[in-house]
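Residue numbers (our numbering): 1 to 309.
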């Protein structure tokens, strides 16, 4: 298939390369060597410069420890005639000393021979899903890729953000990486307490959890908090004591993190503008791939709150 020129910006936005762009990730996992071990932490990747390499091509320079065993300093470029992303390496004897890591034109069902991690040789990554997303007010399409081999590796590219999640599995363990914040073209998105020149590590969500609303009893406002350890489809609704739906507070895909949402008893569905005193219930329904403990990532919890006027 011949691609038209120039490449649309919405395609290039799947992999935004510009000096100063930075991505902060929660990472956690486990491994087994006769004893169970687990770990968690924060990692980042950042575009720190650019350079013309000995092959005569222009690359962006990245500090990127998320690529596992590679040296942290990488050189990547987007070929603006094909929409493909290449990484420079002059130690492998490859043509032009570079190899393919992404094809930004990939659609569901397409197979791409690429290598993003050192432990994973050139192999076919398959685009298995494409869905809309809304992270921190950024809206676009999210593409999910996976490889079916002994290692097992899945990652996703979010339009306007880039790599937003990675998952790898081995016969001896698993690793989870999810985006918690980023700086794209000078704009900060997500957890700004950990994004910037000086990063501060904050507690990471390690389980699905719905907190008790505060204050409780309340009138007319109360805050409901919940946390997600992985990217999840989230629904948060309020019901009256008879089970009638009063309001939908959240109904969208969310990155891993801790969230707060305010409920106001003066607004709701079905024309309800001023709720009476009484007992109400709020329910969190989550659907995700996997939780950090490797279990199926589905979660439902309901809590009671009291409106007292």
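Using N, Cα and C, we set each Cβ at its ideal position, and we do this for glycine too.
- Under a 10 Å Cβ-count criterion, residue 18 is classified as exposed, with fewer than 16 other Cβ atoms of the shown protein chains found around its own Cβ.
- For residue 65, the secondary structure class from DSSP, reduced to helix, strand or coil, is helix.
- For residue 100, the uninterrupted beta strand (DSSP E) run begins and ends at 98-103, by DSSP.
- Secondary structure of residue 11 (DSSP, three-state): helix.
- Here residue 124 carries a strand assignment [DSSP, helix/strand/coil].
- Under DSSP, residue 251 shares a beta bridge with 235.
- Residue 22 is classed as buried because its beta carbon has at least 16 other beta carbons within 10 Å across all chains shown.
- With contacts defined as CB atoms closer than 8 Å, residue 113 and residue 106 fail to qualify as a contacting pair.
- Under the three-state reduction of DSSP, residue 220 is assigned to coil, being neither helix nor strand.
- Counting only residues of its own chain and dropping the five nearest sequence neighbours on each side, residue 264 has a CB closer than 8 Å to the CB of 220, 221.
- Here the region 239-250 does not lie against the region 124-140, with fewer than 3 beta-carbon pairs under 8 Å apart.
- Residue pairing by DSSP leaves residue 90 without any beta bridge partner.
- Taking residue 266 as the centre and dropping the five residues before and after it, the same chain places the C-beta of 220, 273, 274, 275 closer than 8 Å to its C-beta, in chain order.
- For residue 141, the enclosing beta strand (DSSP E) has its first and last residue at 138-147.
- Cα atoms of residue 78 and residue 154: separation of roughly 21 Å, rounded to the nearest angstrom.
- Within the DSSP bridge table, the entry for residue 52 names 58 as partners.
- In the structure shown, the three-state DSSP call for residue 95 is helix.
- Counting every other CB atom within 10 Å of its CB across the protein chains shown gives residue 212 a total below 16, marking it as exposed.
- Of the candidates 60, 44, 45, the residue whose Cα lies closest to the Cα of residue 51 is 60.
- Here the alpha carbons of residue 147 and residue 168 stand approximately 10 Å from one another.
- Distance from the Cα of residue 286 is smallest, within the candidate group 303, 208, 216, for 208.
- In the same chain as residue 162, and ignoring 5 residues on each side of it, the C-beta atoms closer than 6 Å to its own belong to 15, 16, in chain order.
- For the pair residue 180 and residue 157, the CB atoms are not nearer than the 8 Å cut-off.
- Residue 22: member of the beta strand (DSSP E) spanning 22-32, first to last residue.
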